[in-house]
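Take a look at the structure below.
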Amino acid sequence: MQRLLLVILLSLSAVLTGCGGSDSPSPLNVDQNGLTTFNVSQLNTQLNTYALGDLTPIETEGVLLMREEEKLAHDVYITLYNQHGLAIFNNIASSEQTHTDAMQALLERYQLDDPVTDTTVGVFTNSELAYLYTVLTENGAISVLEGLYVGARIEELDIYDLMRLSEDLTDNPDVLMVYNNLLKGSRNHLRSFYAQILNNNGTYRPQYISQALFDEIVNSPIEKG
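In terms of mature numbering (1 follows the signal peptide of the UniProt record, and there is no 0), the sequence shown is residues -20 to -1, 1 to 205.
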């Protein structure tokens, strides 16, 4: 528990840079609305400043999971955009594509087989994520507000899994750097979805993270790259 709390605190407060020091440009671009995208070319440059280590089986499973979990976010959001036509879904879907591209960069770095063998929306190797796609898109299709709830829920799930997987890392600062930047993006997107929920007269209770952590995130400013 103490390690997990440390991961949370560090990911919320740290200035995320490569091992080259604070002069390393961030691989993230963040606009005024919190839309957070990866510059994958810059990310690869930053990854190359790290020595290539080894991944444990658990760490490998985590990288494979996040590759498809970021695709899940993209696929659900683009489906909900086609359903409701609300710009936030399209904008964040585009951002999430760069998030799954960032995970692909890690797969290539560690020469792991890519679980995304078919980029078709809604197609996943992981059966649990395939099921989640079906459930979340069905729920989100009910109304715009339900769609926004789904968006917040996905960002929560990302935050929960990224914190959990960060805790499992042993000695892989390159993977941690990517996870921390993904966390920043998920927190920014959670802020964006929550703001839209309030604008649509909704209320929201977190399901994957604590109320205290949720409140800390949504009541703090957008995190810049």
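By construction, the Cβ of each residue, glycine as well, lies at the ideal position given by its N, Cα and C atoms. For clarity, every value in this text was computed on a predicted model and none was experimentally measured.
So, helix, strand or coil for L163, using DSSP?
-> Looking up residue 163 in the sequence shown gives position 183. L163 falls in the helix class under three-state DSSP.
Continuous alpha helix (DSSP H) stretch holding L8: start and end = Sequence index remark: in the sequence shown, residue 8 carries index 28 (1-based). Careful: L8 lies outside any alpha helix (DSSP H), inside the beta strand (DSSP E) at L8 to V10.
Figure out for me which residue from P37, D11, L8 and T17 has the closest Cα to the Cα of L149.
-> Along the sequence shown, read from residue 1 onward, the residue named residue 149 stands at position 169. Of the candidates P37, D11, L8 and T17, the one whose C-alpha sits nearest the C-alpha of L149 is P37.
Secondary structure at residue 208, three-state DSSP: helix, strand or coil?
-> Outside the displayed span of the chain (-20 to 205) sits residue 208, for which this structure offers no information.
How big is the Cα-Cα spacing for P7 and A53?
-> Counting from one through the sequence shown, the residue named residue 7 turns up at place 27. Counting from one through the sequence shown, the residue named residue 53 turns up at place 73. So the alpha carbons of these two residues sit roughly 20 Å apart.
Pick out whichever of T97, N9 and T29 has its Cα sitting closest to the Cα of K164.
-> The residue labelled residue 164 in the question sits at position 184 within the sequence shown. Cα-wise, what sits closest to K164 is N9.
Taking all protein chains shown into account, do 16 or more other C-beta atoms lie within 10 angstroms of the C-beta of V158, making it buried, or fewer, making it exposed?
-> Within the sequence shown, the letter at position 178 stands for residue 158. Classification of V158: buried, given that the 10 Å Cβ count is 16 or more.
Under a Cβ-count criterion, where at least 16 other Cβ atoms within 10 Å of its own Cβ denotes burial, should N28 be classed as buried or exposed?
-> The count along the sequence shown starts at 1 and reaches residue 28 at position 48. The residue in question, N28, is exposed, as its Cβ has fewer than 16 Cβ neighbours within 10 Å.
Verify whether the separation of the beta carbon atoms of G131 and F104 is less than 7 Å.
-> The residue you call residue 131 lines up with position 151 of the sequence shown. The residue you call residue 104 lines up with position 124 of the sequence shown. No.
Could you pull out every residue in the same chain whose Cβ sits closer than 7 Å to the Cβ of R167, ignoring the five residues on either side in sequence?
-> Residue numbering aside, residue 167 sits at position 187 when the sequence shown is read from its first letter. Once the five neighbours on either side are set aside, the close Cβ partners of R167 are I139, I197 and E203.
Relative to the C-alpha of Y30, which residue among L23, D154 and Q12 is closest?
-> By 1-based counting over the sequence shown, the position of residue 30 is 50. Answer by Cα proximity: D154.
Alpha carbon of Y184 to alpha carbon of E136, nearest angstrom = Working through the sequence shown from its first residue, we reach residue 184 at position 204. Working through the sequence shown from its first residue, we reach residue 136 at position 156. Taking the straight line from one Cα to the other gives about 12 Å.
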